[in-house]
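Here the sequence shown stands for residues 744 to 928, where the numbers follow the working numbering.
Virtual Cβ for every residue (Gly too), placed ideally from N, Cα, C.
The structure displayed is predicted, hence computed values, not measured ones.
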Amino acid sequence: MTAHERLITMVHRSRLGFSSSSTCTLCGLKEKTTVHLLRDCIHAERVWDGLVQQHLQPQFFNLNLHAWLDSNLRNTKRLHNQAHAALTTSTTHSTQQSPVQVRWKPPCEGWIALNTDGASKRECNKATAGSVIRDCRGRWILGFTAFLGYCSALVAELQAIILGLEQAWNRGYRRVVLQSDSLFY
744 MTAHERLITM VHRSRLGFSS SSTCTLCGLK EKTTVHLLRD CIHAERVWDG
794 LVQQHLQPQF FNLNLHAWLD SNLRNTKRLH NQAHAALTTS TTHSTQQSPV
844 QVRWKPPCEG WIALNTDGAS KRECNKATAG SVIRDCRGRW ILGFTAFLGY
894 CSALVAELQA IILGLEQAWN RGYRRVVLQS DSLFY
């Protein structure tokens, strides 16, 4: 979906007549294209600055979308294989699993919690996303759902996060704790 530039960005919304502007609503500086959304927005850049080694950053931030995706997918597969090898050699497997209790944890005073979820049907890849925003006392602030079209579960999860962060940002919230049920491998 990303490689085919099918993520719903402000550029797409503008072309479809859903928005009068294609400018990024987060930074307000550039058109919100797929590569801007995922890498070049100053808010995304802050995340990448902490993840990408400094000597690799010039190449990382200057590749076009397709080369950037290709490079990251190759590195992700290599890292996944290394992690998988390390886990399978250092852990024992049990056929019995203990139940784990999961409960919502409120954010600290002055912060909001953004709970997101995305899902995709395996048979047809129809996907949806949703988010709930609550304050530090658990009080409902807002929630929404969105039909995403056709994409994988991973893309649906990521799109839910992006849409949820946009909703929080557009309402003036800057102190956001993101909570997702998804484990990315």
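- Item | Pair within 8 Å by beta-carbon distance, Leu808 and Thr777 | yes
- Identify every residue that forms a DSSP beta bridge with Leu857. Ile876, Leu921
- Using a threshold of 8 Å, state whether the C-beta atoms of Gln910 and Ala872 are closer than that. no
- Could you say which of Ser814, Glu900, Ala856, Trp847 lies nearest to Lys864 if we only look at CA atoms? Glu900
- Query: Over what stretch of residues does the beta strand (DSSP E) that includes Leu885 continue unbroken?
  - Reply: 883–893
- By how many angstroms is the C-alpha of Trp883 removed from the C-alpha of Gly760? 31 Å
- Proximity to Leu906 [Cα-Cα], best of Thr888, Trp847, Arg918, Lys773: Thr888
- Message: Assuming the contact rule is C-beta atoms closer than 8 Å, Arg918 and Gly861 should be a hit. Round their C-beta distance to whole Å, please.
- Response: Going by Cβ atoms, the distance from Arg918 to Gly861 rounds to 23 Å, so no, they are not a contact pair.
- Query: Does the beta-carbon of His786 have 16 or more other beta-carbons within 10 angstroms, so that it is buried, or is it exposed?
  - Reply: exposed
- Task: In angstroms with no decimal places, state the Cα-to-Cα distance between Gly892 and Leu780.
- Result: 18 Å
- Measure the Cβ-Cβ separation of Ala856 and Gln922 and say whether it is below 8 Å. yes
- Would you identify the three-state DSSP class for Ser763, choosing helix, strand or coil? coil
- Query: Which value, in whole angstroms, describes the spacing of the CA atoms of Val920 and Arg758?
  - Reply: 32 Å
- Query: According to DSSP, is Glu852 helix, strand or coil?
  - Reply: coil
- Can you have a look at Leu769 and say buried or exposed, based on whether 16 or more other CB atoms are within 10 angstroms of its CB? buried
- Query: At which residues does the alpha helix (DSSP H) containing Gln800 begin and terminate?
  - Reply: 800–805
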